[in-house]
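*Asks:* Counting in my numbering, the sequence shown runs from 19 upward without gaps. Sharing a structure with you now.
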Amino acid sequence: MEQSVKNRLTGEDRWIATVCDMCYCCCGVKARRVDGVVTDIMGDPDNPGSAGKICAKGKAALMSLYDPYRVKSPLIRTNPQKGIGIDPKWKQISWDEALDILEEKLNKIRQDDPRKLVLGGWDYQLFSFFWVFASAFGTPNLWKGAADYFCGNGLHPILYLTNGAFYGEVDLKHCNYCLLFGTQFGFMVMTDANPMAQHMAEARNRGLKVVSIDPVCTNAGSKADEWLAIRPGTDAALALGLINILLNEEGIYDREFLARYTNGPYLIADDGLYVREEQTGKPLIWDTAEKLARAYDSERLGQPALEGRYVVAGQACRPAFELLKEHVRGYTPERVAEITTLPADVITRVAKEFGQAASVGSKVIIQGKELPLRPACAIWNKGAISHAHAMLTGMAIQLLNIVMGAMDVPGGMLGSRTKGPFWEPRTGPDGLILPAEFQVIVDAAYPARPAGRPETVEFRELFPVSSYSAPLFEEAMLNPEKFHFPYQPELLIQVRSNPMMSTSNPERMAAALTKFPYMVRFSPQLDETAELADMVLPDTHSLERLVPFPSVRAEGIPSGEGYWYWIIGQPVVEPVGESRNWAEVFLELAHRLGIFPDMCVMMNNAFNFKDPYKLDPAKKHTLEDITDVWAKSWFGAEHGLDWFRKNGCLITAKKKIEEVFPRPFIKPRIPIYLEYMKKAGEEVEKVTREANIEWDTSDYQPLPDWKPCPEYDQGTNGYDLFPVNFKLPFHALSITTVNAWLNEVGEHHPFAFKLLINTETARKKNIRQGQIVWIESKAGKLKGEARLTECVHPEVIALAGTFGHYAQGMPEAKGKGMHFNRLLPSTPDRLCLVTAALDTCARVKVYPEITQSNSSERRQK
19 MEQSVKNRLT
29 GEDRWIATVC
39 DMCYCCCGVK
49 ARRVDGVVTD
59 IMGDPDNPGS
69 AGKICAKGKA
79 ALMSLYDPYR
89 VKSPLIRTNP
99 QKGIGIDPKW
109 KQISWDEALD
119 ILEEKLNKIR
129 QDDPRKLVLG
139 GWDYQLFSFF
149 WVFASAFGTP
159 NLWKGAADYF
169 CGNGLHPILY
179 LTNGAFYGEV
189 DLKHCNYCLL
199 FGTQFGFMVM
209 TDANPMAQHM
219 AEARNRGLKV
229 VSIDPVCTNA
239 GSKADEWLAI
249 RPGTDAALAL
259 GLINILLNEE
269 GIYDREFLAR
279 YTNGPYLIAD
289 DGLYVREEQT
299 GKPLIWDTAE
309 KLARAYDSER
319 LGQPALEGRY
329 VVAGQACRPA
339 FELLKEHVRG
349 YTPERVAEIT
359 TLPADVITRV
369 AKEFGQAASV
379 GSKVIIQGKE
389 LPLRPACAIW
399 NKGAISHAHA
409 MLTGMAIQLL
419 NIVMGAMDVP
429 GGMLGSRTKG
439 PFWEPRTGPD
449 GLILPAEFQV
459 IVDAAYPARP
469 AGRPETVEFR
479 ELFPVSSYSA
489 PLFEEAMLNP
499 EKFHFPYQPE
509 LLIQVRSNPM
519 MSTSNPERMA
529 AALTKFPYMV
539 RFSPQLDETA
549 ELADMVLPDT
559 HSLERLVPFP
569 SVRAEGIPSG
579 EGYWYWIIGQ
589 PVVEPVGESR
599 NWAEVFLELA
609 HRLGIFPDMC
619 VMMNNAFNFK
629 DPYKLDPAKK
639 HTLEDITDVW
649 AKSWFGAEHG
659 LDWFRKNGCL
669 ITAKKKIEEV
679 FPRPFIKPRI
689 PIYLEYMKKA
699 GEEVEKVTRE
709 ANIEWDTSDY
719 QPLPDWKPCP
729 EYDQGTNGYD
739 LFPVNFKLPF
749 HALSITTVNA
759 WLNEVGEHHP
769 FAFKLLINTE
779 TARKKNIRQG
789 QIVWIESKAG
799 KLKGEARLTE
809 CVHPEVIALA
819 GTFGHYAQGM
829 PEAKGKGMHF
839 NRLLPSTPDR
849 LCLVTAALDT
859 CARVKVYPEI
869 TQSNSSERRQ
879 K
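Okay, here's the thing in structure tokens:
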């Protein structure tokens, strides 16, 4: 004992810079290692993004690291039966045995049909290695799982279309009025959570007004200046109603911005298409000074017309902006009130407040340059777009920012790294904005890709403008003949996500996963998905693995003024047991399969590796080698991997004003009218008709509308409520539920593991505070404790987080809370068939559990 004390007193005590992986925000942290054990985690004060701050999830990471139930060695299934609750009867094997099995199966598939390999998962920080391996192997099947069911289906396509960016954030430093549509941005949820919470607090102190638009008074709603309890799935109607008031009643919009930076002046013929110049095919604009039509990019173009009716080459036409004004006239305050349940006078007031706050025409001087100032912004995320018409909803909300000119200017919606030190947006067809190639993380929405019959497990061919389409994976596995799917996938290798919990209804997902003859799961826990695998390989914790530059293309460098900086995730301690970083295992498999030379060529090109550091395809390279090449290629020989290990964060430059607020400095236009959608929808309709596939293409429209979710008119037989899922600031995805500290917070939290129901609604259903109730949809059934509150819409029941785990290998999380996704059907008729967003507007009925005591009460009554 004396020797042990002496070692603790005189041994190593060191803080090591790395990256948090307890959500997707990539915050810079420092971990304290004492004698080989992590004893504390803090925010990295040298990181300009998180600036030394850390959230509860990050602080609790060491409890996940030292989870006693972690998988510590490769396991192989001995029970041939598979299904929910069936014991796999694991047998421990060596890594050599595991790799030999994988090598044999991969070689066989590659010789037969590489498409039969499906790589599943969403390792946000290391995903680039996933697609490089897939490309070298020859499979197009990257199934990203949960992120593609609920995350940015109606966000990323819109931001790519309008900001040229993967995601966007409010410029909180200058914004005075912020509408949160189904998001808790700035309240420890959504992108860059730590810095944005700091910026939100500072903005609130100087007078920013926040309006939370959400069926649930969430953490954000409880702190906002105003909470608008909207009916689920009606955000598009509200946004279009606000636009109608601004354009047609108040006359508040940024005419100069619309004429110069959007396709608002492009002339549209009666067929819904651009009127084009005969010689060049370029869209035409009516020049009010010369009273004739000119190409949109003509140097002789004078004052573009935004309104009016014209005849060009015998074609009657109107500017796109005129069509938008006319289109939104139908969204009167009274109609929107009926759809959303918000009072008409409140809708009118919010529109006026937003328009007045935008201060159209105002200017501000920043870093010596005069810029437009538009201090009003609307931002949205999962809550607004996890519905059947996600694309229309996202575009409707973004139009609020566009018509005010609040796009990539002070106070408005800023694209995430739209323009950077060595990239900037491109000009695409018809003069519209395209994201910089460096920033394309998922598929951009414009121009549309060719439509075709399904050949990938996500049916990407039927979604030519979406960023991803993961929910169709289930159809590929369960109904291949219905969609004429041409092959049967044989091997699924799945990493760092838990689709049994975080995608759709688990019974249907289990049926899809068990269609694979063989499934391999990299996981630190024996979770619900691992229970269906044939092989489980022990993955590393984020504090045990190397990650090259996680902030390169992901959430990691906040929008707005600040610095360009670069960080790595480095191992702080040795992996537990025989755990290995899945990316290193993939590199080993690539060497065994002989595809590593192809991977080298791809990485040299895709990651912008430069001479003399480029990877040599003739050599065997480790993840450390690749990271070193990456660092030296980008930052020079003096800033290799060893430098980052020692110093943590490299600050390369202060952001230029053109990079912070790029809109006044770039030429590509923003579309307010999606003319190309008409042709894209026609192509999809043609493909599906010829293949006899039932498919709705009606959402491929140039201007957005509100359309009801499929179950809006199905509130019969007691299915009278909508279930809503919301996020807690101390939980993320499904990965934090196994954490002992965070679970303890949840147990003491008033509603983390409970069903929230409106007090009056509960009274009508004879539901009491704390009573155990059943929640039943047509897809699934849950049981939980009722929590009565005024902070939920009367038509809504609300469940937090991704709870309700049942896996035997997760005792810390097992049986706590409810699994919201059990309530959701996931068939194609419940999807947005433009973006593949899964509709969460399921109808449910809620009723007390029948027990002996309440049965006696009923008899007495």
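Backbone N, C-alpha and C fix where the C-beta goes; we use that ideal spot for every residue, glycine too.
For the alpha helix (DSSP H) containing residue 615, list its first residue and its last residue.
*Replies:* Taking the sequence shown and counting its residues from 1, the one referred to as residue 615 is at position 597. It spans 614-624 - the alpha helix (DSSP H) in which residue 615 sits, taken as one unbroken run.
*Asks:* Taking residue 171 and residue 855 to be in contact with their CB atoms under 8 angstroms, please state how far apart those CB atoms are, rounded to whole angstroms.
*Replies:* In the sequence shown, residue 171 corresponds to position 153, counting from 1. In the sequence shown, residue 855 corresponds to position 837, counting from 1. Contact holds; Cβ gap of about 3 angstroms.
*Asks:* What are the start and end residues of each continuous alpha helix (DSSP H) run of 4 or more residues lying completely inside the segment 696-767, in chain order?
*Replies:* Entirely contained in the segment 696-767, the alpha helix (DSSP H) runs reaching 4 residues are, in chain order, 758-766.
*Asks:* In chain order, what residues of the same chain have a beta carbon less than 6 angstroms from the beta carbon of residue 414, not counting five sequence neighbours either side?
*Replies:* The residue you call residue 414 lines up with position 396 of the sequence shown. Counting only Cβ-Cβ distances below 6 angstroms, and skipping sequence neighbours, we find 254, 257, 258, 722.
*Asks:* Please state whether the Cβ-Cβ distance between residue 742 and residue 37 is less than 8 angstroms.
*Replies:* Position 724 of the sequence shown holds residue 742. Position 19 of the sequence shown holds residue 37. Going by C-beta atoms, residue 742 is not nearer than 8 angstroms to residue 37.
*Asks:* Going by beta carbon distance, what residues of the same chain come within less than 6 angstroms of residue 510, once the five residues before and after it are set aside?
*Replies:* Walking along the sequence shown from the start, residue 510 turns up at place 492. So the qualifying residues of the chain are 136, 138, 534, 537.
*Asks:* For the 8 angstroms Cβ check, are there 3 or more pairs between the segment 787-803 and the segment 852-866?
*Replies:* The segment 787-803, when compared against the segment 852-866, does touch it at the 8 angstroms Cβ threshold.
*Asks:* Give me the DSSP bridge partner(s) of residue 398.
*Replies:* As a position in the sequence shown, residue 398 is number 380, starting the count at 1. Paired residue(s): 199.
*Asks:* Where does residue 292 fall in DSSP's three states?
*Replies:* For the purposes of this step, residue 292 is taken as the residue at position 274 of the sequence shown. Three-state result, residue 292: strand.
*Asks:* Reducing DSSP to helix, strand and coil, say where residue 650 ends up.
*Replies:* Taking the first residue of the sequence shown as position 1, residue 650 is located at position 632. It is helical.
*Asks:* Measure the alpha-carbon distance for residue 449 versus residue 246 and round it to whole angstroms.
*Replies:* One-based indexing of the sequence shown puts residue 449 at position 431. One-based indexing of the sequence shown puts residue 246 at position 228. Approximately 38 angstroms between the Cα atoms of the pair.
*Asks:* Going by DSSP, name the residue or residues bridged to residue 263.
*Replies:* Locating residue 263 in the sequence shown gives position 245, counting from the first residue. Bridge partners of residue 263: none, in fact.
*Asks:* Residue range of the alpha helix (DSSP H) that residue 166 falls in?
*Replies:* Within the sequence shown, residue 166 is the residue found at index 148, counting from 1. 165-168 is the span of the alpha helix (DSSP H), which, as asked, contains residue 166.
*Asks:* For residue 823, name the three-state secondary structure that DSSP assigns.
*Replies:* One-based indexing of the sequence shown puts residue 823 at position 805. Strand.
*Asks:* Taking the CB atoms as reference points, tell me whether residue 252 and residue 358 lie closer together than 8 angstroms.
*Replies:* Stepping through the sequence shown from its first residue, residue 252 is reached at position 234. Stepping through the sequence shown from its first residue, residue 358 is reached at position 340. Against a cut-off of 8 angstroms, the Cβ pair of residue 358 and residue 252 comes out as a contact.
*Asks:* Quick check on residue 343: buried or exposed, where buried means 16 or more other Cβ atoms within 10 Å of its Cβ?
*Replies:* Here the question's residue 343 lines up with position 325 in the sequence shown. Answer is buried; the Cβ neighbour count reaches 16.
*Asks:* Among the residues of its own chain, which have a CB less than 8 angstroms from the CB of residue 324, if the five just before and after it don't count?
*Replies:* Looking up residue 324 in the sequence shown gives position 306. Taken in chain order, the residues that qualify are 273, 276, 277, 282, 283, 337, 339, 340.
*Asks:* Do three or more CB pairs link the segment 391-408 to the segment 429-442 at distances below 8 angstroms?
*Replies:* Touching, yes.
*Asks:* Suppose you measure from the CA of residue 806 to the CA of residue 369; what does that come to, to the nearest Å?
*Replies:* Working through the sequence shown from its first residue, we reach residue 806 at position 788. Working through the sequence shown from its first residue, we reach residue 369 at position 351. Cα to Cα, residue 806 sits roughly 32 angstroms from residue 369.
*Asks:* Any idea what DSSP makes of residue 304, helix, strand or coil?
*Replies:* Counted from its first residue, the sequence shown places residue 304 at position 286. In the structure shown, residue 304 sits in a strand (DSSP, three-state: E or B).
*Asks:* With burial defined as no fewer than 16 other Cβ atoms inside 10 Å of the residue's Cβ, what is the status of residue 310: buried or exposed?
*Replies:* By 1-based counting over the sequence shown, the position of residue 310 is 292. Exposed, since its Cβ has fewer than 16 Cβ neighbours within 10 Å.
*Asks:* Which value, in whole angstroms, describes the spacing of the CA atoms of residue 689 and residue 411?
*Replies:* Locating residue 689 in the sequence shown gives position 671, where the first residue counts as 1. Locating residue 411 in the sequence shown gives position 393, where the first residue counts as 1. Residue 689 and residue 411: Cα-Cα distance of roughly 15 angstroms.
*Asks:* Across which residues does DSSP place residue 149 in a beta bridge pair?
*Replies:* Stepping through the sequence shown from its first residue, residue 149 is reached at position 131. None, per the DSSP bridge assignment.
*Asks:* Consult DSSP for residue 531 and reduce its assignment to one of helix, strand or coil.
*Replies:* Counting from 1 along the sequence shown, the entry for residue 531 is found at position 513. Note: residue 531 maps to helix in three-state DSSP.
*Asks:* In the DSSP assignment, what residue or residues form a beta bridge with residue 280?
*Replies:* The residue you call residue 280 lines up with position 262 of the sequence shown. DSSP, once it has assigned bridges, lists 688 as partnering residue 280.
*Asks:* Can you grab the Cα-Cα spacing for the pair residue 15 / residue 576, in whole Å?
*Replies:* Missing from the structure shown is residue 15; the chain here goes from 19 to 879 and no further.
*Asks:* Starting from residue 346, follow its DSSP beta bridges and name the residues at the other end.
*Replies:* Start at 1 with the first residue of the sequence shown, and residue 346 comes out as number 328. Answer is none; residue 346 lacks a bridge partner.
*Asks:* Might you give, ordered along the chain, the residues of its own chain that have their beta carbon closer than 7 angstroms to the beta carbon of residue 769, omitting 5 neighbours on each side?
*Replies:* By one-based count along the sequence shown, residue 769 stands at place 751. Only 805, 818 meet the Cβ criterion.
*Asks:* Give me the Cβ distance between residue 463 and residue 485, rounded to the nearest whole Å; I'm assuming they're in contact under 8 angstroms.
*Replies:* To locate residue 463, count along the sequence shown from 1; it is residue 445. To locate residue 485, count along the sequence shown from 1; it is residue 467. Between residue 485 and residue 463 the Cβ distance is about 7 angstroms, and since that is below 8 angstroms, they are a contact.
*Asks:* From this set, 461, 236, 296, 321, which residue's C-alpha is nearest residue 481's C-alpha?
*Replies:* To locate residue 481, count along the sequence shown from 1; it is residue 463. With distances taken between Cα atoms, residue 481 lies closest to 461.
*Asks:* Please classify residue 827 as buried or exposed, where buried requires at least 16 neighbouring CB atoms within 10 angstroms.
*Replies:* Here residue 827 is taken as the residue at index 809 of the sequence shown, counted from 1. Residue 827 is buried by the Cβ-count criterion.
*Asks:* Tell me, to the nearest whole angstrom, how far the beta carbon of residue 302 is from that of residue 238; I am working on the premise that it is less than 8 angstroms.
*Replies:* Here residue 302 is taken as the residue at index 284 of the sequence shown, counted from 1. Here residue 238 is taken as the residue at index 220 of the sequence shown, counted from 1. Wrong, their Cβ atoms sit about 45 angstroms apart, outside the cutoff.
*Asks:* Quick one: using the 10 Å Cβ neighbour count with 16 as the cut-off for buried, is residue 416 buried or exposed?
*Replies:* Position 398 of the sequence shown, counting from 1, holds the residue named residue 416. It is buried - the Cβ of residue 416 has at least 16 other Cβ atoms within 10 Å.
*Asks:* Hey, how far is the Cα of residue 335 from the Cα of residue 290?
*Replies:* Along the sequence shown, one-based indexing puts residue 335 at 317. Along the sequence shown, one-based indexing puts residue 290 at 272. In a straight line, the C-alpha of residue 335 is about 9 angstroms away from that of residue 290.
*Asks:* DSSP puts residue 231 in a beta bridge; with which residues?
*Replies:* Numbered from 1 along the sequence shown, position 213 holds the residue referred to as residue 231. Looking at the DSSP assignment, residue 231 forms a beta bridge with 199, 246.
*Asks:* Given this structure, state the Cα-to-Cα distance separating residue 46 from residue 362, to the nearest angstrom.
*Replies:* For the purposes of this step, residue 46 is taken as residue 28 along the sequence shown, with counting starting at 1. For the purposes of this step, residue 362 is taken as residue 344 along the sequence shown, with counting starting at 1. Straight-line Cα distance between these residues: approximately 45 angstroms.
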